[in-house]
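K.L.:
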Amino acid sequence: MAASESKVIREYENIREIRGPLVIVEGISDAAYDEIVEVELPSGERRRGRVLETARGYAVVQVFEGTTGVTAVGTKVRFLARTLEVKVSDEMLGRVFNGLGDPIDGGPPITSGVWRDINGDPLNPATRAYPEDFIQTGVSAIDGMNTM
């Protein structure tokens, strides 16, 4: 799927509850917030999702394509140890994509081999330029709260 395929994939089959687009998986000790998961239905169909919450022994997973057909018995949930990544290239210019980065305009798939995390790299606040100019919004309640 992506550049980080070498990471450990953990698979679980212990779904406690399915509610709307959410699946609660029990017996988890090492899931991370925003981690991408693959949900494999008993039919073999695969859907993507991400971890919304983790706590002692369970994880709440949002299934992007919905939970219709997902059952507590026979469904496998794979935690992929990475966040969502998309292929990027100049081929993307002028194209239309869904929220997962898949083309939905009828054009060919993106063939670039460059994957990028959708969250981007963290910014170092110490390297930012210091704001020196007052930005007037025209809303007195906001402008009055700006420091000088």
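For the sequence shown, my numbering assigns the number 2 to the initial residue and increments by one for each residue that follows. Backbone N, C-alpha and C define an ideal beta-carbon position, used for all residues, glycine too.
Go ahead and label F80 buried or exposed: buried means 16 or more other beta carbons lie within 10 angstroms of its beta carbon, across all protein chains shown.
P.N.:
Taking the sequence shown and counting its residues from 1, the one referred to as residue 80 is at position 79. Classification for F80: buried.
K.L.:
What's the call for A56, buried or exposed, on a 16-neighbour Cβ count within 10 Å?
P.N.:
For the purposes of this step, residue 56 is identified with residue 55 of the sequence shown, where counting begins at 1. Counting Cβ neighbours within 10 Å, A56 comes out exposed, since fewer than 16 surround it.
K.L.:
What residues in its chain sit with their C-beta under 6 angstroms from that of Y131, if we drop five residues either side in the sequence?
P.N.:
As a position in the sequence shown, residue 131 is number 130, starting the count at 1. Within the same chain, Y131 has no close Cβ partners at all.
K.L.:
Using 8 angstroms as the cut-off, can you tell me whether the stretch 118 to 125 makes contact with the stretch 65 to 79, which would need three or more C-beta pairs spanning the two stretches below that distance?
P.N.:
Short answer: they don't touch.
K.L.:
Could you check the C-alpha separation between G50 and A60 for me, to the nearest Å?
P.N.:
Here residue 50 corresponds to residue number 49 of the sequence shown, with the count starting at 1. Here residue 60 corresponds to residue number 59 of the sequence shown, with the count starting at 1. Our two residues, G50 and A60, have alpha carbons roughly 12 angstroms apart in a direct line.
K.L.:
Between S5 and V64, what straight-line distance do the alpha-carbon atoms span, to the nearest angstrom?
P.N.:
Counting from 1 along the sequence shown, the entry for residue 5 is found at position 4. Counting from 1 along the sequence shown, the entry for residue 64 is found at position 63. Because the pLDDT at S5 is just 45, under 50, the model does not fix this residue reliably, and the point stays unresolved.
K.L.:
What is the DSSP secondary structure of I10, counted as helix, strand or coil?
P.N.:
Here the question's residue 10 lines up with position 9 in the sequence shown. Three-state result, I10: coil.
K.L.:
Kindly examine the ligand PLP and report whether one of its heavy atoms sits closer than 8 angstroms to the Cβ of R57.
P.N.:
Among the ligands in the structure shown, none appear at all, so the ligand PLP cannot be discussed.
K.L.:
By the three-class DSSP mapping on this structure, what secondary structure does T68 have?
P.N.:
The residue given as residue 68 occupies position 67 in the sequence shown. T68 falls in the coil class under three-state DSSP.
K.L.:
Roughly how many angstroms lie between the CA atoms of T84 and F135, to the nearest whole one?
P.N.:
Position 83 of the sequence shown holds residue 84. Position 134 of the sequence shown holds residue 135. Answer to the nearest angstrom: the Cα atoms are 37 angstroms apart.
K.L.:
Once you ignore the five residues that flank A32 on each side, which residues in its own chain have a CB closer than 6 angstroms to its CB?
P.N.:
Start at 1 with the first residue of the sequence shown, and residue 32 comes out as number 31. If we look at A32 and ignore the five residues flanking it on each side, its Cβ neighbours are V52, T55, A60, F80.
K.L.:
Any idea which residues DSSP pairs Q63 with across the strands?
P.N.:
In the sequence shown, counting from the first residue as 1, residue 63 sits at position 62. Secondary-structure assignment with DSSP links Q63 through a beta bridge to L23, R51.
K.L.:
Does the beta-carbon distance from G75 to L42 come in below 9 angstroms?
P.N.:
Looking up residue 75 in the sequence shown gives position 74. Looking up residue 42 in the sequence shown gives position 41. Taking 9 angstroms as the Cβ cut-off, G75 and L42 qualify as a contacting pair.
K.L.:
Could you check which residue in V62, L124, M93 has the C-alpha nearest to that of V26?
P.N.:
Here the question's residue 26 lines up with position 25 in the sequence shown. Among V62, L124, M93, the Cα nearest to that of V26 belongs to V62.
K.L.:
Check for me: the alpha helix (DSSP H) holding I37 runs from which residue to which?
P.N.:
As a position in the sequence shown, residue 37 is number 36, starting the count at 1. From DSSP, I37 is part of no alpha helix (DSSP H) but of the beta strand (DSSP E) over 37 to 41.
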